[in-house]
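In this note's numbering, the protein residues as written are 1 to 555.
By construction, the Cβ of each residue, glycine as well, lies at the ideal position given by its N, Cα and C atoms.
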C-alpha cells in the first residue's frame, strides 16, 4: 500500500498528460496547425514512456492504457482503469484532468464544454443551475433622490456664493493682468487671478505653508460648503461618517509644489519639500479634507482635464443614489497661474492675447474671440440624500436630476467637427435623468471663448434643444475665465444660484456675435429673469471628454 500511494501521483499525471492523444487523433488540424513540432515530439516521448510502464499492471497496464486512448473519450478511459485501483485516486485524477485540460480551455465555461464533448457527459446539471440562478432577481428599490444643500467657492470674483453670483449678475469681470510673477516673456499676460485669499479659519497654518494652492482652495471651498449647508459641530457629531465621502478633483494638481521641487533638485534632493510628491497628486486634497472631517466614505479624485468637476459631481451623486452614502462633498479645484502653466498653454496656442483689454478678452461666441483666459479657484457642492436632508432640516438649493459623460474619440485638443460627442452626451444625460428636452430652458454652457470650440458646442445644443423657444444660454467664463478642472463646479454653483434667485447672468463682451449663433438663444449683456424648469451645465475637456449635469428646483 505504501508503494501504491507513492506511485499514484505519477500514474495520475501520466494519465492526464496523455489525455489529449485521442483528441489529436480525432482533430488532426488542431494538432498540426496549433501545436509546434516541439510540442508534438513531447507527445511522442510520452507515448513511448507509456509503453515501457510496468508498475501496477506491467505490460497489461500499458496495453489497457493504449487501448483506452484508441477508443473515444475520457468516459471509456475511466471505465478501463477501474481494475487498477492502486494506481489512481478518482478525486485526484479528476483534479489532474481539469488542471491539464486548462491548458487547452482557458475559461471555466470552455473547460466545461471541452469536457462534455470529449467525455460524453451532458451539461444538464450546469444548465439547470444557470436557469435557477436567473430566477433570483434583486428586489427593486426606489431610487434615492439627491439634493444640493451647501455651496462653497473660491473665485476671482469672491469666496462666498452670494458675493460671487451677485458679481456675475452685475456683469463684473474678474480678469486682470497677472501680478504673481513677471509675464514679460509670455505672449499672454492676463488671467482670472485670485488677488486676495486667506486660509484663516479653514486650513491649519502648517499646512498652509507647505501645500499647493489648489489644495488650499479645495479645502477652504469644501469647508465653506459644509458651513453653508448648516453642518455645525453638533450636526457633524451626529453624522454617520462612514456614509459621508469626498470626491473633489483637479486637472493639473499641485503644479507649483512639483515645479519648486524640480528647482530644488538642481541643488540637491535634500532641498526638496519632503511632501512634494503627495502634495502634487490630484487626490491628496480630497484625502486631507476627509482626514480633517473624519469622513470615511468614498474618497478619491477624478482628472478629466476641464471636465473634471462634472465627473466628480456625477460620481458623488451615484454613490448616494445607490445607497452607499448619505452625504458627499464634490467638485474641483485648480491653481495653474504659474510660469509653467502659462507657458504650457501659450505653447498650445490656446490663450487669448488681448493683453491691452483684460476685461474684454474672454468673449464666448463673439466674432473677435481669440482663445480662452486661464483662471483659478475652486467650487464644491454638498450633495445629500433627500430624506437625510429633510430630517436635519437642511436648506435645499436645488435637486440634482442626473447627467452623463461621453468621449469624442477624435483629437487631443480639438472637439469633434460635428459636435457629435457633445450631442450624444446631452441626449444620454436627458435619458438617464428622465427629463424631457422641452423642460430644459437654461444651459450654462462650457463656451470658453475659443474659435472652434464655442460653435461646436452651440451646434450640439441647438441640435438637441433648437425647437424650445424658452431656451436661454450663457457662459460664466466671460467674467472669470476658464478655471480648468474647477470650471464645472464653479459653473454648477452659478447654475444652482440661478435656480435659487430666478435670475440668469449676462454674457458680457458679446458685442459682435458670430454669424452662426442666434441671439434669441444667447443671453444678452444684461441679466435676465427666468423661471427655470430644468437647468443644464456642460463641461468639456482635452482628450474629448464631455459631460452634462442637470439640476431643477426642489419640489
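In this structure, the CA atom of residue 206 is about 22 Å from the CA atom of residue 262.
Residue 432 and residue 546 have their C-alpha atoms spaced approximately 15 Å apart. Taking residue 276 as the centre and dropping the five residues before and after it, the same chain places the C-beta of 257, 258, 261 closer than 7 Å to its C-beta, in chain order.
Taking all protein chains in view, the Cβ of residue 216 is crowded by 16 or more other Cβ atoms within 10 Å, so the residue is classified as buried. Linking residue 426 to residue 464 through their CA atoms gives a straight-line distance of about 8 Å. Under the DSSP assignment, residue 545 falls in the beta strand (DSSP E) whose first and last residues are 545 to 552. In this structure, the straight-line span from the alpha carbon of residue 527 to that of residue 407 is close to 33 Å.
Here the alpha carbons of residue 149 and residue 394 stand approximately 6 Å from one another.
A distance below 7 Å separates the beta carbons of residue 513 and residue 365. Counting the other CB atoms within 10 Å of its CB gives residue 458 a total of 16 or more, which places it among the buried residues. Classified as exposed, residue 356 has fewer than 16 neighbouring CB atoms from the shown chains inside 10 Å of its CB. The region 168 to 184 and the region 398 to 415 do not touch, with fewer than three beta-carbon pairs separated by less than 8 Å.
By the 16-neighbour rule on beta-carbons within 10 angstroms, residue 238 is exposed. Closest in C-alpha terms to residue 390, from the list 371, 326, 336, comes 326. In the DSSP assignment, residue 534 falls within the beta strand (DSSP E) that extends over 534 to 541. For the pair residue 199 and residue 490, the CB atoms are not nearer than the 7 Å cut-off.
Distance from the Cα of residue 442 is smallest, within the candidate group 466, 208, 286, for 466.
Judged by DSSP in its simplified three-state form, residue 311 adopts helix. Across the set 179, 285, 163, the C-alpha of 163 shows the shortest separation from the C-alpha of residue 493. For the pair residue 551 and residue 503, the Cα-to-Cα distance works out to about 15 Å.
Setting aside the 5 residues that flank it on each side, residue 435 is surrounded in the same chain by 401, 534, 550, each with a C-beta closer than 7 Å to its C-beta; the list follows chain order. Within its own chain, the residues whose Cβ lies closer than 7 Å to the Cβ of residue 336, once the five positions on either side in sequence are excluded, are 252, 255, 374, 376, 484, listed in chain order. Residue burial annotation: residue 265 is exposed, with fewer than 16 other C-beta atoms found within 10 angstroms of its C-beta.
Note on geometry: alpha-carbon atoms of residue 269 and residue 278 lie some 16 Å from one another.
Burial of residue 500 is indicated by the presence of at least 16 other C-beta atoms within 10 angstroms of its C-beta. In the assembly as shown, residue 267 is an exposed residue. Its beta-carbon has fewer than 16 other beta-carbons within 10 Å. In the DSSP annotation of this structure, the continuous segment of the alpha helix (DSSP H) that includes residue 433 starts and ends at 420 to 433. The criterion of a C-beta distance shorter than 7 Å is satisfied by residue 310 and residue 488. Looking only at 245, 159, 531, 482, the smallest Cα-Cα distance to residue 221 is reached by 159. In the same chain as residue 145, and ignoring 5 residues on each side of it, the C-beta atoms closer than 6 Å to its own belong to 386, in chain order.
Positions of the alpha helix (DSSP H) runs, each at least 4 residues long and wholly inside the region 391 to 419, cannot be given because no such run exists.
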